[in-house]
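Visitor: Start counting at 1 in the sequence shown, then tack on 1, and there's your number in my numbering. Cβ atoms here follow ideal geometry from the backbone N, Cα and C, with glycine treated the same way. Got a structure for you, questions after.
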Amino acid sequence: MKTVAALDMERKDIQEIDGKVHTDTTYPDDFMDVISIGKTGENFPLIYDIRDCFAHHITPEEAKYQLWKVRQIFMGTKGIPHPVTHDAHTICYPKFLIKVNDIIQIDLKTGNITDFIKFNAGNLCMVTGGANLGRVAMITDRERHPGSFDVAHVKDASGNSFAIQLSNNFVIGTDNGPWISLPRERVSASAFLRREEIGSQTEQCIK
């Protein structure tokens, strides 16, 4: 913390969170935030890791966007839906196809929605809470429990199936692959899904 404070005081090593400069050492970071260090040109995403490893680097191109999960949607004036994301952002004039639990891709420079991922079976997700925190798996099913919390059933690359609260499910990719880069020890989404679908044993490197 002292090192971070010293860097902030010097203002020589500009640090950005989601493309904006922050010098307050108590500024809160959230899941999927992108931290950029101007002097070194390094970019790091805040994602969970089951091995307690250091954050991995991402390319400048990947640092230009961020994934947000839609937590709720309320109707504004003239019946226009306003999604509220996992980090408390409110989006105006979204696509009407976007629903709760879907993921939207945000251009950090413009703040516009560039794409979105539906919460569907077969998509890749990361667990964001509970005993399975940080695990990457494929969504297989969803259980609805009115009056209680919904449950998502997922399967990891080793074939282990487990259930998590739907609120702890964060979609990170489709059957075409992940939309974010993952640490090297994680299985490639494309290779994993291909094994699930056609039984191939071929592994692919993470992008």
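1. Using 8 Å as the cut-off, can you tell me whether the region 125-140 makes contact with the region 108-117, which would need three or more C-beta pairs spanning the two stretches below that distance?
2. When you compare only the Cα positions, how much space is there between Pro179 and His57?
3. With respect to 6 Å, is the separation between the Cβ of His57 and the closest non-hydrogen atom of the ligand PLP below this value?
4. With contact counted as at least three CB pairs below 8 Å, one residue from each stretch, are the region 147-166 and the region 88-98 in contact?
5. Along the chain, which unbroken stretches of the beta strand (DSSP E) at least 3 residues long are found entirely within the region 63-116?
6. Tell whether a beta-carbon distance below 7 Å holds between Asp19 and Leu134.
7. Compute the Euclidean distance between the alpha carbons of Gln73 and Gly80, then round it to the nearest angstrom.
8. Here's a check: name, in chain order, each residue in its chain whose Cβ is nearer than 7 Å to the Cβ of His90, leaving out the five neighbours to either side.
9. Can you tell me the Cα-Cα spacing of Val101 and Phe75, whole angstroms?
10. Do you know offhand how far Gln106's Cα is from Lys21's?
11. Do Val155 and Asp103 have their C-beta atoms within less than 7 Å of each other?
12. Distance, Cα to Cα, Cys93 vs Gly77?
13. Applying the 10 Å Cβ sphere with the 16-neighbour rule, what's the burial state of Asn170?
14. Does chain B have any CB closer than 7 Å to the CB of Val35?
15. Indicate the three-state DSSP secondary structure (helix, strand or coil) for Ser162 in the structure shown.
16. State the DSSP-derived secondary structure class of Leu125, mapped to helix, strand or coil.
17. Measure the C-alpha to C-alpha separation of Asp31 and Asp88 and round it to an integer number of angstroms.
18. Between Val128, Asn177 and Ile181, which has its C-alpha nearest Ser162's C-alpha?
Guide: From the atom records:
1. As far as the Cβ criterion goes, the region 125-140 does not touch the region 108-117, which means the pair count is below three.
2. If I take the Cα positions, the gap works out to 15 Å.
3. For the structure depicted, the ligand PLP is absent and the ligand set is empty, with no information on it obtainable.
4. With a cut-off of 8 Å, the region 88-98 and the region 147-166 do not count as touching, because too few Cβ pairs lie within range.
5. With a minimum length of 3 residues, the continuous beta strand (DSSP E) runs that stay inside the region 63-116 are 66-76, 82-86 and 104-108.
6. Contact: no.
7. One Cα belongs to Gln73, the other to Gly80, and the distance between them is close to 15 Å.
8. The answer, listed in chain order, is Trp69.
9. Roughly 10 Å separates the two Cα atoms.
10. The alpha-carbon atoms of Gln106 and Lys21 are separated by roughly 17 Å.
11. Not a contact, by the Cβ cut-off of 7 Å.
12. Rounded to whole angstroms, Cys93 to Gly77 spans 9 Å at the Cα level.
13. It is buried - the Cβ of Asn170 has at least 16 other Cβ atoms within 10 Å.
14. Included in the structure is just one protein chain, with no chain B present.
15. If DSSP states are grouped into helix, strand and coil, Ser162 belongs with the strands.
16. In the three-state reduction of the DSSP assignment, Leu125 falls in the strand class.
17. So the alpha carbons of these two residues sit roughly 7 Å apart.
18. Closest by C-alpha distance to Ser162, out of Val128, Asn177 and Ile181, is Val128.
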